[in-house]
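**Q**
Number of protein chains: 2
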Amino acid sequence: MSTTKARRIFTEEVSALCPGEVRLKGWVYRLRILGKTAFIILRDCTGEAQCVIASEALKDHKLKVEDVIEISGTVRAEPRARTGCEVDVSEVHVLNRAGQTLPFQSAANVETVGLDTLLQYRPLSLRTEAVGDIFRIQAAILVYETAHVYRAEPHASSRHLTEYYSLDVEFGFIEGPEDVIQFERELLTDIFANLNVKYGELIRKYRTDLLPSMLDVPIWEFDTCLEILRADFGRTDMEDDLDPLAERQLCERAAQENGIPAVFVLGFPLSARPFYTAPRGSQGAAGGFDLLFQGLEITTGGQRLHRREDLESALRSRFIAPANFESHLAMFDLGMPPHGGFAVGLERLTCQVLNLPNVRQAVLYPRDRYKITP
Amino acid sequence: MSTTKARRIFTEEVSALCPGEVRLKGWVYRLRILGKTAFIILRDCTGEAQCVIASEALKDHKLKVEDVIEISGTVRAEPRARTGCEVDVSEVHVLNRAGQTLPFQSAANVETVGLDTLLQYRPLSLRTEAVGDIFRIQAAILVYETAHVYRAEPHASSRHLTEYYSLDVEFGFIEGPEDVIQFERELLTDIFANLNVKYGELIRKYRTDLLPSMLDVPIWEFDTCLEILRADFGRTDMEDDLDPLAERQLCERAAQENGIPAVFVLGFPLSARPFYTAPRGSQGAAGGFDLLFQGLEITTGGQRLHRREDLESALRSRFIAPANFESHLAMFDLGMPPHGGFAVGLERLTCQVLNLPNVRQAVLYPRDRYKITP
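Which chain is which? The protein sequence lines are D and C, in order. Residues -2 to 371 in the numbering used here are what the first sequence lists, from first letter to last. Residues -2 to 371 in the numbering used here are what the second sequence lists, from first letter to last.
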């Protein structure tokens, strides 16, 4: 994609940018073809925008309601439009197609759709205004989506637990894993700044410095990391993952270069990441990353696959029959945008903030292979 | 207890109240008897206070480290004390005794206590400064303690789920369930005020009024509720609990009286509440309450038993051998203060805020007796 294109904005910002160039991403909410002119109502999480295009120019796109699209165009005042302006479309790009037959449309009155159907197709029903409203309110009450995570893995180390608390962030319409990394940089910087202000005195008991800004934490490709480990530390034993020593060594190197012992490692081998991970380039690398902070991996994230056919191929390449995942795959017919996210291990983050040597210190009642009481 | 006694304050407020009358609650952190004078270092969640009393006056209390106490006294400037003031004790009241032998004291250097021991006795290790610090930071990162709750109950109604999201609040040093109710009034009022400000327009789509202040929601004794149901609604079929119709009827009555369709029902029969519920008076009532809001119970709470012997009696009265609960009961030897709390069902609260008829509408993937997919 061109790097000179307009910044992506949300539909709620359109009227403030009239007249001007905009780039929007969202779903086809309504589609009306009136002779030579076609109207696309694009909807995103902030509202909707009326977009105008010549019917002829739209023909090849075979656009339909719930398809995931990106639109570039020019905002123009239009008193007849609900928001007082319209977007003259210069370019339409289909990011992902919805299935040919859907149980309902996001413009539907949800009262005409049965609750069972709304529950069966959550990604689609969340896109309706009425169901979306419910979870906007619930999110306002709760803040994060947080959940206990259970792992059946044969670890017995100072950094692994069989139950931990995960702060999960997942969002749509990304252009690559760098968007996810940037979001995490800003989130951690915000959390750290808050801790410094409210708990500075406490934090100084555990570390000589306050918590750093994470905005300048670099991204290093996995291959570059292997090269650093070889050149600086004489290590040639890492292949498709990093061991704890390598994590410490890379953070040491990052601290020398940037003053902060942290680095995002991007582009691990695809074979070492979950099947739903998007590829990065064509050389077998994954659009997945780890954040190493003070010598420890504290988050894993990346771009996910968003097309059903890509997910099916990924499953088949691991000798798993897609039919076994049909209930999951069916959700990708509903108009799934390019997306990604990351998960922060709350206990590991606490450890790194306070320089604690053992993750169990940051859990009220830790669970591991040998501890199930109290 | 007398209603004229000083308001309970935290130790961090003591120096600001010098000279003045104070009432403190906390644990005996250190105890030094120097001839005729004894020093009690009382510790609470905000710090510590040095309290002075004649050794003779203290003798009968048989005080020891980790006992839970309430102290009334007068603050006096004392340059030799760490905080520049001392409390001259006029009254000591033991709220609960710690066990005779404890694995360590909260004044201990936790580095001299093994991690296994710290994990085994969490209520005590949390009271040490170092372990407390860890969870103060973790709480600052996370906000609420929130958890999924699983229920194996034979319900199939519009208000029950087998998995729901519970916002739990539990705190110590209460004087009765009224303290818990007051905290909940303030918390809900704060949540509602925030929703009104940030989501007022959305909320007005679902209800004619914005969300009310809950500060004046009344407390009605369970017996009074039965009387209202009889006198106003001709109902004589309720005995030890309220059915959904009764909840609606009581809210209707509360709205007539106070303008808000909400009421705290306090003093349900002890036999209808969990074994750990504290009694209210001597007539078989419990210090447990429900909050009814717009015709639906959205929280349950109350004062809990805090003495091991009371818990053992409660278990025996239900024909349960205390030995089966020993790992739980052992925690009550560590200096357990009078405490209580409540749990808000996040989905039910969302329903009542938006006037939704079915709790499943407020869950992304509801689980009930008949629904385990998607």
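Quick reminder that beta carbons are idealized off the backbone N, C-alpha and C, glycines included. All values derive from a computational prediction rather than experimental measurement.
#1: Does the beta carbon of ARG204(D) come closer than 8 Å to any beta carbon on chain C?
#2: Could you check which residue in GLY44(C), LEU115(C), LYS22(C) has the C-alpha nearest to that of GLY70(C)?
#3: Is the CB-CB distance between MET211(D) and ALA269(D) below 8 Å?
#4: If the criterion is Cβ atoms closer than 8 Å, does the pair ILE257(C) and ASP213(C) meet it?
#5: For a contact meaning CB atoms closer than 7 Å, what does VAL140(C) contact in chain D?
#6: Just to make sure I have the definition right: I need the residues of chain C whose C-beta is within less than 8 Å of the C-beta of ARG133(D). Which are they?
#7: Identify every run of the alpha helix (DSSP H) within the segment 279 to 343 of chain C, keeping only runs that are complete inside it and at least 4 residues long; order them along the chain.
#8: Sort TYR362(D), CYS82(D), THR274(D) by Cα distance to VAL72(D) and report the nearest one.
#9: Pull up the distance between the alpha-carbon of PRO371(C) and that of PRO100(D), whole angstroms please.
#10: Enumerate, from N- to C-terminal direction, the unbroken beta strand (DSSP E) stretches of 3 or more residues contained entirely within the segment 96 to 168 of chain D.
#11: Between LEU116(C) and chain D, is the shortest Cβ-Cβ distance under 8 Å, so that the two count as touching?
#12: Measuring alpha carbon to alpha carbon, tell me which residue in ASP41(C), LEU31(C), GLY44(C) is nearest ALA51(C).
#13: Tell me PRO266(C)'s beta-bridge partners as DSSP assigns them.
#14: Give the residues from the segment 13 to 47 of chain D that approach chain C closer than 7 Å (Cβ to any Cβ), ordered along the chain.
#15: Write down the C-beta distance between VAL62(C) and VAL25(C) rounded to the nearest angstrom, noting that I regard them as a contact closer than 8 Å.
#16: Mind pulling the chain C residues with CB within less than 9 Å of ASN355(D)?
#17: Of all the CB atoms in chain C, is at least one closer than 8 Å to the CB of GLY342(D)?
#18: I need the boundaries of the alpha helix (DSSP H) containing ASP176(C), first residue and last residue.
#19: With 9 Å as the limit, tell me which residues of the segment 179 to 191 of chain D have their beta carbon closer than that to any beta carbon of chain C; keep them in chain order.
#20: Note down the Cα distance separating LEU353(C) from ALA105(D), rounded to an integer number of angstroms.
#21: Rounded to whole angstroms, what's the CA-CA distance from LEU199(D) to ASP41(C)? Just pull it up for me.
#22: Please confirm whether PRO371(D) has its beta-carbon closer than 8 Å to some beta-carbon of chain C.
#23: Answer with buried or exposed for VAL65(C), where buried requires no fewer than 16 other C-beta atoms within 10 angstroms of its C-beta.
#24: Among ARG345(C), GLY284(C), LEU312(C), which one has its Cα closest to the Cα of GLU175(C)?
#25: In chain C, which residues lie with their C-beta within 8 Å of the C-beta of TYR362(D)?
#26: Among ALA74(C), ILE37(C), HIS303(C), PHE36(C), which has the Cα closest to the Cα of GLU18(C)?
#27: Would you call the CB atoms of ALA54(C) and SER163(C) closer than 8 Å?
#28: 8 Å is my cut-off, CB to CB: does ALA137(D) come that close to chain C?
#29: To the nearest angstrom, report how far apart PRO76(C) and LEU207(D) are at their CA atoms.
#30: Just curious, the beta strand (DSSP E) that LEU28(D) is in, first and last residue?
#31: For PRO335(C), does the count of other Cβ atoms within 10 angstroms reach 16, so buried, or fall short, so exposed?
#32: Taking ALA3(C) as the reference, which of LEU158(C), SER87(C), ASP57(C), ARG27(C) has the closest Cα?
#33: How big is the Cα-Cα spacing for VAL374(C) and THR205(D)?
#34: Quick one: does VAL177(C) have its CB under 8 Å from some CB of chain D?
#35: For THR347(C), which residues in chain D fall below 8 Å Cβ to Cβ?
#36: Measuring only between beta-carbons, confirm whether ALA259(C) sits less than 8 Å from chain D.
**A** For this structure:
#1: Chain C, which has no Cβ nearer than 8 Å to the Cβ of ARG204(D), makes this no.
#2: The residue with the shortest Cα to Cα distance from GLY70(C) is LYS22(C).
#3: Not closer than 8 Å, so no.
#4: Closer than 8 Å, so yes.
#5: Chain order gives the chain D residues near VAL140(C) as VAL140, where near means a beta carbon separation below 7 Å.
#6: Going along chain C in sequence order, the residues near ARG133(D) (Cβ under 8 Å) are TYR196, LEU199.
#7: As far as the segment 279 to 343 of chain C is concerned, its whole alpha helix (DSSP H) runs of at least 4 residues are 305 to 314, 323 to 326.
#8: Among TYR362(D), CYS82(D), THR274(D), the Cα nearest to that of VAL72(D) is on CYS82(D).
#9: PRO371(C) and PRO100(D) have their alpha carbons spaced roughly 15 Å apart.
#10: The qualifying runs are 142 to 147.
#11: LEU116(C) counts as touching chain D.
#12: Looking only at ASP41(C), LEU31(C), GLY44(C), the smallest Cα-Cα distance to ALA51(C) is reached by LEU31(C).
#13: Looking at the DSSP assignment, PRO266(C) forms a beta bridge with ALA282(C).
#14: Interface annotation for the segment 13 to 47 of chain D against chain C: empty, criterion Cβ-Cβ distance under 7 Å.
#15: Between VAL25(C) and VAL62(C) the Cβ distance is about 5 Å, and since that is below 8 Å, they are a contact.
#16: Result: LEU112.
#17: No, because no Cβ of chain C sits closer than 8 Å to the Cβ of GLY342(D).
#18: Under the DSSP assignment, ASP176(C) falls in the alpha helix (DSSP H) whose first and last residues are 174 to 203.
#19: Residues ILE188, ASN191.
#20: Between LEU353(C) and ALA105(D), the C-alpha separation is close to 18 Å.
#21: The alpha-carbon separation between LEU199(D) and ASP41(C) amounts to approximately 17 Å.
#22: Residue-level contact check: PRO371(D) touches chain C, since one or more beta carbons of chain C fall below 8 Å from its beta carbon.
#23: It is buried - the Cβ of VAL65(C) has at least 16 other Cβ atoms within 10 Å.
#24: The residue with the shortest Cα to Cα distance from GLU175(C) is GLY284(C).
#25: Under a criterion of Cβ atoms nearer than 8 Å, the residues of chain C adjacent to TYR362(D) are, in order, LEU116, ARG119.
#26: Residue ALA74(C) holds the alpha-carbon nearest to the alpha-carbon of GLU18(C) among ALA74(C), ILE37(C), HIS303(C), PHE36(C).
#27: No, these two residues do not count as a Cβ contact at 8 Å.
#28: At a cut-off of 8 Å between beta carbons, ALA137(D) contacts chain C.
#29: The straight-line gap separating the alpha-carbon atoms of PRO76(C) and LEU207(D) is approximately 32 Å.
#30: 17 to 31 is the extent of the beta strand (DSSP E) around LEU28(D).
#31: PRO335(C) comes out buried.
#32: Closest option to ALA3(C), judged by alpha-carbon separation, among LEU158(C), SER87(C), ASP57(C), ARG27(C): SER87(C).
#33: Shown here, chain C extends from -2 to 371; a query on residue 374(C) therefore has no answer.
#34: Closer than 8 Å: no.
#35: Within 8 Å Cβ-Cβ: ILE131, ILE134, GLN135, ILE138.
#36: No - not a single Cβ of chain D is within 8 Å of the one on ALA259(C).
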